[in-house]
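Visitor: Here the protein sequences line up with chains A and B, keeping their order.
In terms of UniProt numbering, the first sequence opens at residue 1 and continues consecutively.
In terms of UniProt numbering, the second sequence opens at residue 1 and continues consecutively.
Glycine included, each C-beta is placed from N, C-alpha and C at the ideal position.
Since this is a predicted model, take the numbers as computed values, not measurements.
There are 2 protein chains.
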Amino acid sequence: MFDINKRPEVIQLSHGGGGKEMNKLIKSLFFSAFNNPILNNDEDAARLHLNGDIAFTTDSFTVSPLFFAGGDIGKLAIAGTVNDLAMMGAKPEYLSCSFIIEEGFEVGKLKKVVDSMVNEMDKSGAKIVCGDTKVVPKGCADGLLINTSGIGRIQFDGVSVTNIKLGDVIIVSRDIGRHGAAILMERESLALETTLTSDCATLWPTVKHLIEAKLEIHAMRDATRGGVSAVLNEWAMGSNVGITVKESAIPVCDEVKGMCELYGFEPFDLANEGTFLIALPEDEAIKALDIMHEFGCEATAAIIGRVSEDRPGKVILKTPWGSRRYLDLPQGELLPRIC
Amino acid sequence: MFDINKRPEVIQLSHGGGGKEMNKLIKSLFFSAFNNPILNNDEDAARLHLNGDIAFTTDSFTVSPLFFAGGDIGKLAIAGTVNDLAMMGAKPEYLSCSFIIEEGFEVGKLKKVVDSMVNEMDKSGAKIVCGDTKVVPKGCADGLLINTSGIGRIQFDGVSVTNIKLGDVIIVSRDIGRHGAAILMERESLALETTLTSDCATLWPTVKHLIEAKLEIHAMRDATRGGVSAVLNEWAMGSNVGITVKESAIPVCDEVKGMCELYGFEPFDLANEGTFLIALPEDEAIKALDIMHEFGCEATAAIIGRVSEDRPGKVILKTPWGSRRYLDLPQGELLPRIC
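1. Do Met185/B and Leu196/B have their beta-carbon atoms positioned less than 8 Å apart in this structure?
2. Output the distance between the C-alpha atoms of Arg187/B and Gly258/B, rounded to the nearest integer angstrom.
3. If I'm right that Ala213/B touches Ile291/B with Cβ under 8 Å, what's the distance once you round it to whole angstroms?
4. Please go through the same chain and pick out, in chain order, the residues whose beta-carbon is closer than 7 Å to the beta-carbon of Ala288/A, but skip the five residues on each side of it.
5. Taking just the CA atoms, how far does Ser323/A sit from Asn147/B?
6. In chain B, which residues lie less than 8 Å from Asp142/A when you measure between Cβ atoms?
7. Do the segment 228–247 of chain A and the segment 265–273 of chain A touch if we need at least three Cβ pairs shorter than 8 Å?
8. Rounded to a whole number of angstroms, what is the C-alpha to C-alpha distance between Val207/B and Ser160/B?
9. Determine the burial state of His179/A: buried for a count of at least 16 other Cβ atoms within 10 Å of its Cβ, exposed for fewer.
10. May I ask you to verify whether the segment 139–153 of chain A touches the segment 77–89 of chain B, counting CB pairs closer than 8 Å and requiring at least 3?
11. So which residues of chain A does Met88/B contact, with C-beta pairs closer than 8 Å?
12. For Lys246/A, tell me which candidate among Arg325/A, Asn51/A, Gly108/A, Ser32/A has the shortest Cα-Cα distance.
13. Please say whether Cys97/B and Gly131/B have beta carbons closer to each other than 8 Å?
14. Can you give me the start and stop residues for the beta strand (DSSP E) that Ile316/B sits inside?
15. Using a beta-carbon distance below 8 Å, is Val129/A in contact with chain B?
16. I'd like to know whether the C-beta atoms of Glu103/A and Pro137/A end up nearer to each other than 8 Å.
17. Report the neighbours of Ala249/A on chain B: residues whose CB is nearer than 8 Å to its CB, in chain order.
18. Sort Gly226/A, Ile176/A, Thr319/A by Cα distance to Gly18/B and report the nearest one.
19. What are the start and end residues of the beta strand (DSSP E) that includes Ser96/B?
20. How is the beta strand (DSSP E) around His49/A delimited, first residue to last?
21. In the segment 48–62 of chain B, which residues sit with their C-beta less than 9 Å from some C-beta in chain A, listed in chain order?
22. Please classify Leu7/B as buried or exposed, where buried requires at least 16 neighbouring CB atoms within 10 angstroms.
23. Taking 8 Å as the CB-CB limit, is Lys20/B close to chain A?
24. Counting only beta-carbon separations shorter than 8 Å, does Glu188/A have a partner in chain B?
25. Give the DSSP-derived three-state secondary structure of Met1/A in the structure shown.
26. Alpha carbon to alpha carbon, how far is Leu317/B from Asp168/B?
27. What whole-angstrom Cβ distance do Thr244/A and Gly305/A have, given they're in contact under 8 Å?
28. What are the residues in the segment 152–174 of chain B lying within 9 Å of chain A by C-beta distance?
29. Starting from Pro281/B, follow its DSSP beta bridges and name the residues at the other end.
30. Count the CB pairs spanning the segment 31–48 of chain B and the segment 247–255 of chain A that are closer than 8 Å, and state whether there are at least three.
31. Among Met87/B, Ser173/B, Glu234/B, Glu333/B, which residue has its Cα nearest to the Cα of Ala285/B?
32. To the nearest whole angstrom, what separates the beta carbons of Thr57/B and Asp84/B, a pair I think is in contact under 8 Å?
33. Val256/A by DSSP, collapsed to three states: which one?
34. Expressed to the nearest angstrom, what Euclidean distance is found between the alpha-carbon atoms of Asp115/A and Asp122/A?
35. Once the 5 residues before and after Ala181/B are set aside, which same chain residues still bring their CB inside 7 Å of it?
36. Just list the residues that DSSP pairs Glu106/B with in beta bridges.
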């Protein structure tokens, strides 16, 4: 029978009060999903044993909408933090997770987000070992915000923004701009006949194989906010080298091209959430590409540029028409709440 | 000359875009204040070297108002996370810091918060080594939200919620309920003639001396959300013991008593942000109190209860009139956005 009085269960202020209701929510929803002995200890902090070089990172996620083609805030919150660790050559191990939930948020949606986090952690083996839950009154936060911080063990300690060498080539791991374009599509409720999805993904499985192959990787970074433009500019400045990229070599799918034309964006400036760049010597580029194609990367992974003495600190874009222009750090508003 | 067009500088969406404006904000405000070699590396994650047993914790701060008598969200964000580490017997070392800022937030206020964080970190020697900045459009978050996660080196590995023994006594480090009462006072704009301030403080200096004295501490926890009631109940349940507290022994200042009468709260349920409980054998209690009084605690630190076989899992309150009642886990809404 259809019961019109049956409303979905929602989060109430008491779920953040530090008392009975909060304990129940934490135990029944978070502990049971993230289940592991360190978390279940239920102390003020997780107790870990670590020896050696460690990477430590943090990210807050404010993406809107919470659910989008190719992912949701939960998948993003795991992939985003795990990827920051992977980009340091670190195996993601321990995560913290802090929820800020708006009063009235549906418990069913929260469960969906939590399931998505559990599913994404399987890709790297990382575990949530400590957490925090805050509930704020209606109007004080938009639905759900998540912070994840992460600890990883460094397996390969050569990568750095300052380590790029003359003669290096730049590889991108797949076609760019998908996350930004997918969020824009959802937000504008575009009824495009498209299969465009975000690239949101955990990069550790690919990075792990690149490390195991003992390639001489000089720099590695995922192209999130600010897109490929931001990474290339930070590299050029950080290592005081010139980077020249060939526009026609940069993979961009037709859907992203279309969205860029519609809204006047450049694909280089759009955010990605599962796409990374590496800089390494030219004679290792083919081996790197083979590994990327074999372990998790799309066929679109490609060499897009080269490092030279020309215009140190600058990124130069060679257009398909033979002209050259500076590719600058993005500027202005772009898309808020992309991640 | 008075310039009516001179408006305070505010945060704009472009400050969160991942491009030029964000880089400028991060370098000029955060890096210059939190200045240390690990943070200044400017990689995707901080690179640390750790050996041994580590505590790892996270907390998001949503306190409203952002500035209150005795502290602000910055002081709270440092003290709160550092205290979670200290309560594990860990020396606070490395912090992450993630800001979610609402478009239009005054840069001057953000600077005040950041200065407050720097000042509070001096109390424990902890350092912010990685961070994240998000800007959300007006209406999507209330002013400023901060997440801090922390890593500490465990110096004393005996404390646990499951470790409380029969015959232990319970000590509270100062008079209770100040943080909750101070926030309530600000929020209700009470023009009380009062000097009531939050207890917000870093507890590591006191805990350090307790550890160095080699006391046999069985449990230690700061009484934040849910107040003293929540800690005592978690201990009674976690160690399956009965805890009896004497109401007349629990220190409560007159201002907090007054606020409780006015609003119908119990001081045991009010949040604290620089007040902790310890459980240890009776014959070490005086020594512990002496150390607490000498190193940072108020004169109000006192023995408030005892652990016995009576009613395992329950907390019993002996009232000044000789009656006994259960002190339960707090329930219901209490005060949202207390921390």
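Guide: With the structure as the only source:
1. Against the second sequence, residue 196/B aligns to sequence position 196. Against the second sequence, residue 185/B aligns to sequence position 185. A contact, by the Cβ cut-off of 8 Å.
2. Indexing the second sequence from 1 puts residue 187/B at position 187. Indexing the second sequence from 1 puts residue 258/B at position 258. One C-alpha to the other measures close to 16 Å.
3. Here residue 213/B is taken as the residue at index 213 of the second sequence, counted from 1. Here residue 291/B is taken as the residue at index 291 of the second sequence, counted from 1. With 8 Å as the limit, Ala213/B and Ile291/B qualify as a contact, their Cβ atoms being about 6 Å apart.
4. Counted from its first residue, the first sequence places residue 288/A at position 288. The residues are Ile171, Leu210, Leu215, Ile278, Leu280.
5. Position 147 of the second sequence holds residue 147/B. Position 323 of the first sequence holds residue 323/A. Taking the straight line from one Cα to the other gives about 46 Å.
6. Walking along the first sequence from the start, residue 142/A turns up at place 142. The answer, in chain order, is Val136, Gly139, Cys140, Ala141.
7. yes
8. The residue given as residue 207/B occupies position 207 in the second sequence. The residue given as residue 160/B occupies position 160 in the second sequence. Near 15 Å, if we compare the C-alpha coordinates of Ser160/B and Val207/B.
9. The residue labelled residue 179/A in the question sits at position 179 within the first sequence. So His179/A counts as buried.
10. no
11. Walking along the second sequence from the start, residue 88/B turns up at place 88. Glu43, Asp44, Ala45, Arg47, listed in chain order.
12. Indexing the first sequence from 1 puts residue 246/A at position 246. Lys246/A has its Cα closest to that of Arg325/A, out of Arg325/A, Asn51/A, Gly108/A, Ser32/A.
13. Here residue 131/B corresponds to residue number 131 of the second sequence, with the count starting at 1. Here residue 97/B corresponds to residue number 97 of the second sequence, with the count starting at 1. Their beta carbons are under 8 Å apart, which means Gly131/B touches Cys97/B by this criterion.
14. For the purposes of this step, residue 316/B is taken as residue 316 along the second sequence, with counting starting at 1. 315–318 is the span of the beta strand (DSSP E), which, as asked, contains Ile316/B.
15. Sequence index remark: in the first sequence, residue 129/A carries index 129 (1-based). By this cut-off, Val129/A is an interface position.
16. Counting from 1 along the first sequence, the entry for residue 103/A is found at position 103. Counting from 1 along the first sequence, the entry for residue 137/A is found at position 137. Yes, they are a contact pair.
17. Looking up residue 249/A in the first sequence gives position 249. Those within 8 Å of Ala249/A in chain B number zero; the least Cβ separation is about 23 Å.
18. The residue given as residue 18/B occupies position 18 in the second sequence. The residue with the shortest Cα to Cα distance from Gly18/B is Gly226/A.
19. Translated into the one-based positions of the second sequence, residue 96/B becomes position 96. Taken as a continuous stretch (DSSP letters only), the beta strand (DSSP E) holding Ser96/B covers 90–102.
20. Position 49 of the first sequence, counted from the start, is the residue given in the question as residue 49/A. It spans 46–61 - the beta strand (DSSP E) in which His49/A sits, taken as one unbroken run.
21. Leu48, His49, Leu50, Asn51, Gly52, Asp53, Ile54, Ala55, Phe56, Thr57, Thr58, Asp59, Ser60, Phe61, Thr62
22. Position 7 of the second sequence, counted from the start, is the residue given in the question as residue 7/B. It should be pointed out that residue 7/B corresponds to Arg in this sequence rather than to Leu. Per the 10 Å Cβ criterion, exposed.
23. Stepping through the second sequence from its first residue, residue 20/B is reached at position 20. Closer than 8 Å to some Cβ of chain A, the Cβ of Lys20/B qualifies, so yes.
24. Indexing the first sequence from 1 puts residue 188/A at position 188. Not one chain B Cβ lies under 8 Å of Glu188/A.
25. Here residue 1/A refers to the residue found at position 1 of the first sequence. For Met1/A, the predicted model reports a pLDDT of 49, less than 50, meaning its position is unreliable and no value from the coordinates is stated.
26. Here residue 317/B is taken as the residue at index 317 of the second sequence, counted from 1. Here residue 168/B is taken as the residue at index 168 of the second sequence, counted from 1. For Leu317/B and Asp168/B, the distance between alpha carbons rounds to 16 Å.
27. By 1-based counting over the first sequence, the position of residue 244/A is 244. By 1-based counting over the first sequence, the position of residue 305/A is 305. Confirmed, Cβ separation roughly 6 Å.
28. Gly152, Ile154, Asp157, Val159, Ser160, Val161, Thr162
29. Position 281 of the second sequence, counted from the first residue, corresponds to residue 281/B. Pro281/B is bridged to Asp168/B.
30. no
31. For this step, residue 285/B is matched to residue 285 along the second sequence. If we check each option's Cα against that of Ala285/B, Ser173/B comes out closest.
32. Position 57 of the second sequence, counted from the first residue, corresponds to residue 57/B. Position 84 of the second sequence, counted from the first residue, corresponds to residue 84/B. Yes, Thr57/B and Asp84/B are in contact; Cβ-Cβ is about 4 Å, under 8 Å.
33. Working through the first sequence from its first residue, we reach residue 256/A at position 256. When secondary structure is reduced to three states using DSSP, Val256/A falls in the helix class.
34. For the purposes of this step, residue 115/A is taken as residue 115 along the first sequence, with counting starting at 1. For the purposes of this step, residue 122/A is taken as residue 122 along the first sequence, with counting starting at 1. When rounded, the distance between both Cα atoms is 11 Å.
35. For the purposes of this step, residue 181/B is taken as the residue at position 181 of the second sequence. Closer than 7 Å at the Cβ level, and outside the excluded window around Ala181/B, lie Leu196, Glu255, Val256, Met259, Leu270.
36. Taking the second sequence and counting its residues from 1, one reaches residue 106/B at position 106. Beta-bridge pairing links Glu106/B to Val10/B.
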